[in-house]
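The sequence shown begins at 34 in the working numbering and counts up by one. Following: one structure in structure tokens, then a few remarks.
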Amino acid sequence: MIRLDPKNLQIIKTQSESSYPLECCGIMLGYRIKAEKNVLEVIPTENVWGSESSDNFGVNDSNYGKTRRYAISPKAMLQAEKKAREIKLEIIGIYHSHPDYPATPSEFDREFAWQEYSYIIVSTLYGKADCINSWCLDDNRQFIQETILVTEV
Ligand SMILES: [Zn+2]
Numbered sequence: 034m035i036r037l038d039p040k041n042l043q044i045i046k047t048q049s050e051s052s053y054p055l056e057c058c059g060i061m062l063g064y065r066i067k068a069e070k071n072v073l074e075v076i077p078t079e080n081v082w083g084s085e086s087s088d089n090f091g092v093n094d095s096n097y098g099k100t101r102r103y104a105i106s107p108k109a110m111l112q113a114e115k116k117a118r119e120i121k122l123e124i125i126g127i128y129h130s131h132p133d134y135p136a137t138p139s140e141f142d143r144e145f146a147w148q149e150y151s152y153i154i155v156s157t158l159y160g161k162a163d164c165i166n167s168w169c170l171d172d173n174r175q176f177i178q179e180t181i182l183v184t185e186v
């Protein structure tokens with residue numbers, strides 16, 4: 034279960050719409066109590082897919098542009114980690130959008146997912162934020178869907 038307040042959900046939706054038809058991405062900070070995650074802050078980041086800062090993915094995937102891929106720069110991740118430490122939170126997960134595509138993870142999403150993180154995916158249909166799902170990996174590295182609770186955190 035991942036808990037998100039309406040204001041942060043709106044930030045994700047707005048970013049997904051303004052980035053359309055490209056994928057947007059960002060980092061969620063918060064805290065967890067066992068399997069329950071609470072998001073207190075979202076940090077929109079630039080989609081650097083295809084630039085030098087995504088080279089560390091080590092994949093030759095030039096057929097896909099930012100309409101189908103996203104990457105967060107290592108620098109942005111480090112800054113988020115630093116900020117999280119300062120305000121005594123941790124990185125809870127990553128969100129990104131799927132322009133004109135369902136809110137289900139791709140094989141690429143799965144391959145590069147971190148075990149501890151939640152992955153929120155927002156589907157943007159014709160430029161409008163539509164379905165929003167959250168996913169996390171199980172012990173076999175398969176994504177399972179988790180409930181999103183939209184409420185004051
Ligand atoms: Zn994806």
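For every residue, glycine included, the Cβ atom is placed at its ideal position computed from N, Cα and C. Small disclaimer: the values here were computed from a predicted structure and weren't measured.
Measuring CB atoms only, is the region 105–119 touching the region 52–70, in the sense that at least three cross pairs come out at less than 8 Å? yes
Given a cut-off of 9 Å, decide if N80 and A104 are closer than it, judged by their beta-carbon atoms. Working through the sequence shown from its first residue, we reach residue 104 at position 71. Working through the sequence shown from its first residue, we reach residue 80 at position 47. For A104 and N80, yes; Cβs fall inside 9 Å.
First through last residue of the alpha helix (DSSP H) which encompasses R118: Translated into positions along the sequence shown, residue 118 becomes position 85. It spans P107 to E119 - the alpha helix (DSSP H) in which R118 sits, taken as one unbroken run.
Expressed to the nearest angstrom, what Euclidean distance is found between the alpha-carbon atoms of S84 and P107? As a position in the sequence shown, residue 84 is number 51, starting the count at 1. As a position in the sequence shown, residue 107 is number 74, starting the count at 1. Each residue's Cα considered, the two are about 12 Å apart.
Backbone CA spacing between A146 and P132 [nearest angstrom]: Here residue 146 refers to the residue found at position 113 when the sequence shown is read from its first residue. Here residue 132 refers to the residue found at position 99 when the sequence shown is read from its first residue. The alpha-carbon atoms of A146 and P132 are separated by roughly 19 Å.
Are the Cβ atoms of I44 and V75 separated by less than 9 Å? On the sequence shown, position 11 is the one that residue 44 refers to. On the sequence shown, position 42 is the one that residue 75 refers to. Result yes, Cβ atoms of I44 and V75 sit closer than 9 Å.
So is the beta-carbon of E56 under 8 Å away from any non-hydrogen atom of ligand 3? Absence of ligand 3 is noted for the structure shown, with ligand 1 being the only ligands found.
Report yes if the CB atom of S130 is closer than 9 Å to the CB atom of Y152, and no otherwise. To locate residue 130, count along the sequence shown from 1; it is residue 97. To locate residue 152, count along the sequence shown from 1; it is residue 119. The answer is no: Cβ separation not under 9 Å.
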